[in-house]
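Take a look at the structure below.
2 protein chains.
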Amino acid sequence: MRYGIIGTGTVGRTLATKLASLGHEVTLGSRTSDNTAANEWAERSGPYGHADTFARAAEFGEVVINATAGTVSLQALHLAGASHLAGKVLIDVSNPLVFSATGQASLDPVNTDSVGERIQREYPQARVVKALNTVNADLMVDPGRVPGSHNLFLAGEDPEAKAVVRAMLVEFGWPDPAVLDLGGITAARGLEMLMPLWLDLMRHFGHVDFNYSIVTAD
Amino acid sequence: MRYGIIGTGTVGRTLATKLASLGHEVTLGSRTSDNTAANEWAERSGPYGHADTFARAAEFGEVVINATAGTVSLQALHLAGASHLAGKVLIDVSNPLVFSATGQASLDPVNTDSVGERIQREYPQARVVKALNTVNADLMVDPGRVPGSHNLFLAGEDPEAKAVVRAMLVEFGWPDPAVLDLGGITAARGLEMLMPLWLDLMRHFGHVDFNYSIVTAD
Chain A
0 MRYGIIGTGT VGRTLATKLA SLGHEVTLGS RTSDNTAANE WAERSGPYGH
50 ADTFARAAEF GEVVINATAG TVSLQALHLA GASHLAGKVL IDVSNPLVFS
100 ATGQASLDPV NTDSVGERIQ REYPQARVVK ALNTVNADLM VDPGRVPGSH
150 NLFLAGEDPE AKAVVRAMLV EFGWPDPAVL DLGGITAARG LEMLMPLWLD
200 LMRHFGHVDF NYSIVTAD
Chain B
0 MRYGIIGTGT VGRTLATKLA SLGHEVTLGS RTSDNTAANE WAERSGPYGH
50 ADTFARAAEF GEVVINATAG TVSLQALHLA GASHLAGKVL IDVSNPLVFS
100 ATGQASLDPV NTDSVGERIQ REYPQARVVK ALNTVNADLM VDPGRVPGSH
150 NLFLAGEDPE AKAVVRAMLV EFGWPDPAVL DLGGITAARG LEMLMPLWLD
200 LMRHFGHVDF NYSIVTAD
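Protein sequences, first through last, are from chains A and B.
Be aware that the first sequence starts at 0, since it is given in numbering that gives the first Met the number 0, and climbs by one per residue.
Be aware that the second sequence starts at 0, since it is given in numbering that gives the first Met the number 0, and climbs by one per residue.
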């Protein structure tokens, strides 16, 4: 599978490295083609790793991953180009975090909208799946960092697209039953709204190797 | 311990019944003293259970529990009276859910504020602790309905008040280590913002006997 990754931060590079290590061809996309982090990543990554612009990465990918900050995702995807997103599985990993001068986090959008929904509305021909935004980057690609069973969530309108994302997560090492399908893209709201609790839990534990396990009577 | 409960809905009555069964004296408070549900509850509950107004319930309680809908909590606590809340442990169990005409849930307040914080600001002499708003009423008082280990959370400014709430939860059957203290009352934001995911999980499982277990590497 060919992946195009939009965003060269920790999340983008971590996903790119894992996908390339699994034998997928990956283009790590950045705003400009002279992005040092992206080019260094591509040099280290061997024949499966490439670095290029958002537009070339999106064009390259059969699956496109939005790994930009949620507050700039629409702008980044605009640069990627609607024609390069049409018909593609578009995994939205983002959280729209805004930090105040005192360091207090909030979300924008929130509550009656979400980044996942905004992307799906803006690119109706993309098959958007919200996923992976609820865990730290290292844990995304290495679920064994946290012992026992714990969960990821999917939200999106297209069942086939969700099946593609589920298969990628299973390749990453997530047990199939650990991936809970919450339904349509509106469920992206609840997933993005987990972020404030996640930040409080990070402060509580003093590290980021934790996750939610949904325990149920049946 | 004497408890005053503000609100006669399922949450208020469930907490009142459990507290009375544990030998605590409870006044279940309603907007008017002729509330049928509250009076029937008191008749069934024996010598430990009373029904009265919000104001009498708050006056009666050494610990006061806000079990009203989050959207009307400040109004209800206004009727309870600031003088009856001053110095008291005030447990805020509420979620500020608003449902659209199509049934879509949202929260008000949200993101940059919470009901827990609003109550603490409005009643600075009360010792507000956000707790229990993340689980169904039956599960609040019977954690064994969901197997294995799973968590509750506390948020509030007063460590002694949080210790009082923790002791109540342990009386309910929650293991002490299952109750995670997330710090000051600002953490109420993240706890209230769990509600959209909770509703999606309820739809996913088809029941309400589930909870979050926070799994961590250490």
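Quick reminder that beta carbons are idealized off the backbone N, C-alpha and C, glycines included.
In the DSSP assignment, what are the bridge partners of residue i?
{"i": "Leu106 (chain B)", "result": "B:Leu96"}
{"i": "Thr215 (chain A)", "result": "B:Phe209"}
{"i": "His77 (chain A)", "result": "According to DSSP, His77 (chain A) bridges with nothing at all."}
{"i": "Gly48 (chain B)", "result": "B:Val25"}
Over the uninterrupted alpha helix (DSSP H) stretch that includes residue i, give me the two end residues.
{"i": "Asp199 (chain B)", "result": "194–204"}
{"i": "Arg43 (chain A)", "result": "35–43"}
{"i": "Ala57 (chain B)", "result": "53–59"}
{"i": "Ser20 (chain A)", "result": "9–20"}
{"i": "Ser82 (chain A)", "result": "81–84"}
{"i": "Gly189 (chain A)", "result": "187–191"}
Would you mind reading off the limits of the beta strand (DSSP E) that contains residue i?
{"i": "Arg126 (chain B)", "result": "126–129"}
{"i": "Gly28 (chain A)", "result": "24–29"}
{"i": "Val6 (chain A)", "result": "Rather than Val, the amino acid found at residue 6 (chain A) in this sequence is Gly. It is not in any beta strand (DSSP E) - Gly6 (chain A) carries neither H nor E in the DSSP assignment."}
{"i": "Val88 (chain A)", "result": "88–91"}
{"i": "Val63 (chain B)", "result": "62–65"}
By a C-beta neighbour count over all protein chains shown, 10 Å radius and 16 as the cutoff for buried, is residue i buried or exposed?
{"i": "Asp91 (chain A)", "result": "buried"}
{"i": "Arg43 (chain B)", "result": "exposed"}
{"i": "Arg55 (chain B)", "result": "buried"}
{"i": "Asp217 (chain A)", "result": "exposed"}
{"i": "Ala85 (chain A)", "result": "exposed"}
{"i": "Arg126 (chain A)", "result": "buried"}
{"i": "Asp242 (chain A)", "result": "Since the first residue of chain A shown is 0 and the last is 217, residue 242 (chain A) is not available in this structure."}
{"i": "Ser212 (chain A)", "result": "buried"}
{"i": "Gly155 (chain A)", "result": "buried"}
{"i": "Phe98 (chain B)", "result": "exposed"}
{"i": "Ser82 (chain A)", "result": "exposed"}
{"i": "Gly3 (chain A)", "result": "buried"}
{"i": "Asp199 (chain B)", "result": "buried"}
{"i": "Thr133 (chain B)", "result": "buried"}
{"i": "Ala100 (chain A)", "result": "exposed"}
{"i": "Ala15 (chain A)", "result": "buried"}
{"i": "Thr35 (chain A)", "result": "exposed"}
{"i": "Gly60 (chain A)", "result": "buried"}
{"i": "Val164 (chain B)", "result": "buried"}
{"i": "Tyr159 (chain B)", "result": "It is Glu, not Tyr, that sits at residue 159 (chain B) in the sequence shown. By the 10 Å Cβ count, Glu159 (chain B) comes out exposed."}
{"i": "Gln74 (chain B)", "result": "exposed"}
{"i": "Gln119 (chain A)", "result": "buried"}
{"i": "Glu39 (chain A)", "result": "exposed"}
{"i": "Arg117 (chain B)", "result": "buried"}
{"i": "Gly115 (chain A)", "result": "buried"}
{"i": "His49 (chain B)", "result": "buried"}
{"i": "His77 (chain A)", "result": "exposed"}
{"i": "Gly6 (chain B)", "result": "buried"}
{"i": "Arg12 (chain A)", "result": "buried"}
{"i": "Pro174 (chain B)", "result": "exposed"}
{"i": "Pro142 (chain A)", "result": "buried"}
{"i": "Thr185 (chain B)", "result": "buried"}
{"i": "Ala166 (chain B)", "result": "exposed"}
What does residue i reach in chain C if we use C-beta pairs closer than 8 angstroms?
{"i": "Ile213 (chain B)", "result": "Looking at the structure shown, chain C is missing, and the protein chains on hand are A and B."}
Quick one: measure Cβ to Cβ for residue i and residue j, integer angstroms, because I've assumed they're closer than 8 angstroms.
{"i": "Ala37 (chain A)", "j": "Leu21 (chain A)", "result": "19 angstroms between Cβ atoms; not a contact."}
{"i": "Ala68 (chain B)", "j": "Leu96 (chain B)", "result": "7 angstroms"}
{"i": "Phe171 (chain A)", "j": "Val140 (chain A)", "result": "5 angstroms"}
{"i": "Phe152 (chain B)", "j": "Leu181 (chain B)", "result": "5 angstroms"}
{"i": "Ala66 (chain A)", "j": "Gly8 (chain A)", "result": "7 angstroms"}
{"i": "Val145 (chain A)", "j": "Val145 (chain B)", "result": "Between Val145 (chain B) and Val145 (chain A) the Cβ distance is about 20 angstroms, and since that is not below 8 angstroms, they are no contact."}
{"i": "Gly183 (chain B)", "j": "Leu196 (chain A)", "result": "With 8 angstroms as the limit, Gly183 (chain B) and Leu196 (chain A) do not qualify as a contact, their Cβ atoms being about 14 angstroms apart."}
{"i": "Ala187 (chain B)", "j": "Ser72 (chain B)", "result": "Going by Cβ atoms, the distance from Ala187 (chain B) to Ser72 (chain B) rounds to 12 angstroms, so no, they are not a contact pair."}
{"i": "Asn135 (chain B)", "j": "Leu179 (chain B)", "result": "Actually they do not touch by this definition, with Cβ atoms about 18 angstroms apart."}
{"i": "Val109 (chain A)", "j": "Met192 (chain A)", "result": "7 angstroms"}
Write down every uninterrupted run of the beta strand (DSSP E) in the region 105–184 of chain B whose length is 3 residues or greater and which is fully enclosed by it, in chain order. You should have 126–129, 151–155, 178–180.
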